[in-house]
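Under the numbering used here, the residue at position 436 of the sequence shown is numbered 440, and the numbers go up by one with no gaps.
Right, one structure below, let's go through it.
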Amino acid sequence: MAEVGAPGLGWLDLVVLLGVLVAVTVIADRLAGRAQGARDFFLGGRRLPWYAVSASIIATEISAVTFISLPSVVYRPGGDLTYLQIVLAYGVSRCLVAWLLVPRYLEREVFSPYEYLGTVLGRGARRTATGLFLFGGVLAQGARVYLTALILQVLLGPQLEWVRQLTGLPTLLTATLMVVAVALLWTLLGGIATVIWTDALLSLLLVVGLIVSLVALTAKLPGDWVTTLQAAGEAGKLRLLEPQPSWTAPYTLLAALLGATVGGVGAFGTDQLVAQRLFCCRSVREARWAMVASFAGIVITAMVMLLGLGLWRYSASAEWAAAGSATAASIAAQPDRVFPVFILWDLPAGLRALVIAGALGAAVSSLDSILTALAQGTLSLLGDREASSSTDATDSSDGTDDAVHAVDGDETGAAEASTGGDGHLGNARTWVVLWAVVLGAVGMSMAPLAVRYRAILDLALAMAGLTGGALLAGVLLAVFGGRDRRRGAVRGARYRFAAPLSALVLIGVVAHSLAAQVFIALLGAALIAWRISVSRRGALVDGLVLAVGAVGALALSRWGLSEAGAPLAWPWYVPLGAAVTALAVWAMRLDPRQGTA
């Protein structure tokens, strides 16, 4: 390992890297074909093979966060293999999604879980769920943009510094622009079909990069892998299960069995980032195959964790020690850099470019996916408002009758509302560009949040959990709420307020500052005012429910600032959010002046 001042990528690396990315782009574009309308852009014409969809799910799930940050979770002091508990629990989640949700989704011509939700709970619930997805998706992927930019700062240090001297742009900003630009290009080429084929190819590239890294690391180890594993066992790094229950530790057996299993259903079944791929399959059977087969990604996760063990062992070698204090200090200050530093200074020219291509591919595979999902969600909101403007103008006193009509409308017009019709492909691409700008801006602002988490892996998963529980609760209300339209419409009317309340409580769990408390108080007051403005019937009970939730969120935020306060581990975010949503919907139904629902 060389000193930190060593040069960055050479010209051979840059040529290989550019060649690989161009080849992936051309091949994926040929396989995907051109999108002829919004249905092709967002659903791939529902003609994509299950194995491509499954590989795409794997690439999106792995992302740069797992590929780059997970080795540091094992490498750092106290690190071990307990994260695998979470991954194993996700296998159960995939089966639940495949058998419970996939048939419901594909029986209708809908573009997202939130449109399916709308066919049962009404347009208002659909708008709320879509809005929450946009909010949570931007936060979660913003963390991934931030991590990828940090990677590029290490890998392309001299090149980014040259750009800074030439333009005055900070290196982090230039790195962010590069990541967003590549994701934007792949998304605009052909929509979700190009995204899926690109991700499928990138998943193969990711595996190649991991194999190259493991082979190169083997030559650097003091001893062999047998002695490495023996040393890791003695240091406690081979621990797989953590039976001790804890609300604040993320990688415990209880957090995996309950928290991660429930959270995985949300991540794979109700988050449009992944769920949009299931809508592209030819049939329910193929969509199920795609979801279940994606569990093969656990092999990649295991390889990444093995790499972390190897890096830990290598760090004890004389060669690592000879690298100097600057390198050690750089990694100690930000352990997420350990794998990028190894790539840059320990892999030979040319091969290092393949690994970097795999890392960038892992990053972009989730970013291009979220761009199509965000664009579809935005068009769903805009198209839905246009389609329902006449209905909204004739609200009944409690909103229930209107919600019933909204359910009827969503059942027949969800696809049109979600895209603005096939003639609005240009609008879809415009929103892709706009959301790319937003993602870049959010990524640039993630640094203050990152210091609150042990690894950026935890940051990204935590951000997704802020709204994941409310989305999961909404879909489950639609799936298991029965077929009575009026009952579904009433639940949907309550869900419009319960879901934002859930996100508010999670913000209280995560954010412990005066600014966060002011935000919670203002949003809580706005929710209550909104509820009163909709209808005075039942406003007392519903307002009380919302007030109790907002006060609870404030209390959680203030408690986090106290000496006794400890952050709730991220695997519990989705179960907590779903429970708050369901409880609020149930409590709001108790007002006798509104009848039963």
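Note that beta-carbon positions come from the ideal geometry of N, C-alpha and C, so glycine has one too.
In this text the structure is predicted, and so the values were computed from the model without any measurement.
query	result
Is it true that the CB of T180 sits closer than 7 Å to the CB of V167?	no
Compute the Euclidean distance between the alpha carbons of L225 and L242, then round it to the nearest angstrom.	17 Å
In whole angstroms, what separates the C-alpha of V28 from that of L214?	18 Å
Using C-beta distances below 7 Å, list every residue in its chain close to A379, excluding the 5 sequence neighbours before and after it, in chain order.	A432, W435, V436 and W439
Using the beta-carbon count (16 or more within 10 Å), is P249 buried or exposed?	exposed
Determine contact between the segment 522 to 536 and the segment 569 to 587, defined as no fewer than three beta-carbon pairs at a distance below 8 Å.	no
Per the DSSP calculation, L453 is bridged to which residue(s)?	DSSP output for L453 lists no bridge partner at all.
Indicate the three-state DSSP secondary structure (helix, strand or coil) for L1 in the structure shown.	Nothing can be reported for residue 1: it is not among the residues displayed for the chain, which extend from 5 to 601.
Closest to A271 by CA distance: which of R540, S539, A102 and T252 is it?	A102
Could you pull the start and end residues of the alpha helix (DSSP H) that F523 belongs to?	L518 to V538
Report the three-state DSSP secondary structure of C285 (helix, strand or coil).	strand
How many Å lie between R562 and Q521 at the Cα?	8 Å
Quick check on DSSP: helix, strand or coil for L52?	strand
By how many angstroms is the C-alpha of L371 removed from the C-alpha of G365?	10 Å
Cutting at 7 Å between CB atoms, please list the residues of its own chain near R458, excluding the five before and the five after it.	none
Evaluate contact between the segment 445 to 463 and the segment 226 to 246, counting only Cβ atoms and requiring at least three cross-stretch pairs below 8 Å.	no
Where does E111 fall in DSSP's three states?	coil
Buried or exposed, going by whether 16 or more other CB atoms sit within 10 Å of the CB of W15?	exposed
Given 8 Å as the limit, is there contact between the segment 207 to 222 and the segment 483 to 499, that is, 3 or more CB pairs closer than that?	no
Answer with buried or exposed for A418, where buried requires no fewer than 16 other C-beta atoms within 10 angstroms of its C-beta.	Model confidence at A418 stands at a pLDDT of 49, short of 50, so the residue's coordinates are unreliable; what they give is reported in the following sentence. It is buried - the Cβ of A418 has at least 16 other Cβ atoms within 10 Å.
Measuring alpha carbon to alpha carbon, tell me which of L453, S373 and L548 ends up nearest V199.	S373
Are I347 and R356 closer than 7 Å when you measure CB to CB?	yes
Rounding to the nearest angstrom, what Cα-Cα distance links Q89 and E246 in this structure?	9 Å
Measuring CB atoms only, is the segment 123 to 142 touching the segment 295 to 305, in the sense that at least three cross pairs come out at less than 8 Å?	no
Between the segment 490 to 499 and the segment 135 to 147, are three or more C-beta pairs nearer than 8 Å?	no
First and last residue of the alpha helix (DSSP H) that includes W316?	G301 to Y318
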